[in-house]
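Student:
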Amino acid sequence: MNRNGKFKIATDTLVKAGLLAAISIVLTRVFSIMIPLGGIPALRLGFGSLPIMIAGLLFGPIVGGLTGVVADLIGVMLNPMGGSFFPGFTLSAAMNGILAGLLFQTFKIHKRKLNYNIANAIVILMFLLIVIGIMVVYGVITFENGKPVYSEPMALFVISIAFVMSIIFMLIPAVQPKKLKLQQAVYGYDKIAFAVTLDYLVISLGLNTKWLSMMYGKGVLAFFPGRIVAAIAIIPIYTFILFTLSRLLHFEHLVRK
Numbered sequence: 001m002n003r004n005g006k007f008k009i010a011t012d013t014l015v016k017a018g019l020l021a022a023i024s025i026v027l028t029r030v031f032s033i034m035i036p037l038g039g040i041p042a043l044r045l046g047f048g049s050l051p052i053m054i055a056g057l058l059f060g061p062i063v064g065g066l067t068g069v070v071a072d073l074i075g076v077m078l079n080p081m082g083g084s085f086f087p088g089f090t091l092s093a094a095m096n097g098i099l100a101g102l103l104f105q106t107f108k109i110h111k112r113k114l115n116y117n118i119a120n121a122i123v124i125l126m127f128l129l130i131v132i133g134i135m136v137v138y139g140v141i142t143f144e145n146g147k148p149v150y151s152e153p154m155a156l157f158v159i160s161i162a163f164v165m166s167i168i169f170m171l172i173p174a175v176q177p178k179k180l181k182l183q184q185a186v187y188g189y190d191k192i193a194f195a196v197t198l199d200y201l202v203i204s205l206g207l208n209t210k211w212l213s214m215m216y217g218k219g220v221l222a223f224f225p226g227r228i229v230a231a232i233a234i235i236p237i238y239t240f241i242l243f244t245l246s247r248l249l250h251f252e253h254l255v256r257k
């Protein structure tokens, strides 16, 4: 904000955000793999979201969101990767930067000794309960004589892998090296893991699954299993990369005051 209360982005911030958007485009449109789910190219494995999250981390939610929008709009014009433009995915790209910016601003302002590993476990458990709740609401799971009845065979499989993912991420803090546990730095490993997990659950498993369902006219259960399985690999990898970059590039000193 300037003295007149208007939001103004510095020139050097625009240049850096533009560079991060360009890196995101290359990582998303060139160095990523599309995996079909239910015969549809619905799971993109790559690192295109990382530069957008870094933009949010360094420059805040507004610049992070704009970086995501620019990266998606220009990227889809250069290489749509077999799919047409859908505004929902532009919103998701923006949310990558916005959510990361909000979370890391919160970490910076509130420096309480909160155990983010426990917070992460709670988020994962809530995710599992939400998955089950959605199935109950839409009638995928009903109860007869107190026993669950599944109207779709895939439902039990989705719940099973969601449960496995929940257990894995709850156990991760117990096997982490001591130097990674409960770091109280602004960008400690536990905080980055919490941010990445929340980002993936809200955007990739939540918003993007909904957009795919709308685009192709299929239920979310057609896309959920593969995306949940991918989370088991993607979340730790993203966390490790962001943590490593935060140390190599000294993010805490680059953040604008």
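One point on numbering: in UniProt numbering, the residue at position 232 of the sequence shown is 232, and numbering is uninterrupted.
Virtual Cβ for every residue (Gly too), placed ideally from N, Cα, C.
1) Expressed to the nearest angstrom, what Euclidean distance is found between the alpha-carbon atoms of glutamate 144 and leucine 212?
2) How would you write the range of the beta strand (DSSP E) that alanine 42 sits in, first residue to last?
3) Note down, in chain order, each residue of its chain lying with its Cβ closer than 6 Å to the Cβ of glycine 68, except the 5 sequence neighbours on either side.
4) Would you kindly work out how many angstroms separate the C-alpha atoms of isoleucine 35 and isoleucine 74, rounded to a whole number?
5) Just to confirm the assignment, what range does the alpha helix (DSSP H) spanning valine 149 have?
6) On the DSSP bridge assignment, give the partners of phenylalanine 143 in chain order.
7) Spatial neighbours of phenylalanine 243 within its chain, please: C-beta separation below 7 Å, excluding the five flanking residues on both sides.
8) Which same chain residues end up closer than 8 Å to leucine 91 when comparing Cβ atoms and leaving out the 5 residues on each side of it in sequence?
9) Methionine 77 to glycine 46, Cα distance in whole Å?
10) Please state the DSSP three-state secondary structure of isoleucine 9.
11) Quick check on the DSSP output: what are the complete beta strand (DSSP E) runs of length 3 or more inside the segment 68-146, in order along the chain?
12) Does the Cβ of serine 24 have 16 or more other Cβ atoms within 10 Å, making it buried, or fewer, making it exposed?
13) Excluding sequence positions up to five away, which residues of its chain have a Cβ less than 8 Å from the Cβ of glutamine 105?
14) Return the chain-ordered list of same chain residues with a C-beta closer than 7 Å to the C-beta of proline 148, the five sequence neighbours on each side being excluded.
15) Count the other C-beta atoms from every protein chain shown that fall within 10 angstroms of the C-beta of leucine 171, then say buried if there are 16 or more, exposed otherwise.
16) Using a Cβ-Cβ cut-off of 6 Å (strictly less than) and excluding sequence neighbours within five positions of arginine 256, which residues of its own chain qualify?
17) Rounded to whole angstroms, what's the CA-CA distance from methionine 215 to methionine 126? Just pull it up for me.
18) Taking the continuous alpha helix (DSSP H) assigned at isoleucine 232, which residues delimit it?
19) Work out the CA separation of aspartate 72 and arginine 29 for me, nearest whole Å.
20) Please look up how many angstroms separate the CB atoms of alanine 55 and glycine 64, rounded, as I've assumed it's under 8 Å.
21) Start and end of the alpha helix (DSSP H) containing leucine 212?
Tutor: Short version:
1) 32 Å
2) 40-45
3) Ile52, Ala93, Ala94, Asn96, Gly97
4) 22 Å
5) Run containing valine 149: none in the alpha helix (DSSP H); it sits in the beta strand (DSSP E), 147-150.
6) Pro148
7) Tyr189, Ile192
8) Leu207
9) 18 Å
10) coil
11) 141-144
12) buried
13) Gly60, Pro61
14) Ile141
15) exposed
16) Because arginine 256 sits at a pLDDT of 49, beneath the cut-off of 50, its placement in the model cannot be relied upon, and the point is left open.
17) 27 Å
18) 224-248
19) 10 Å
20) 5 Å
21) 209-216
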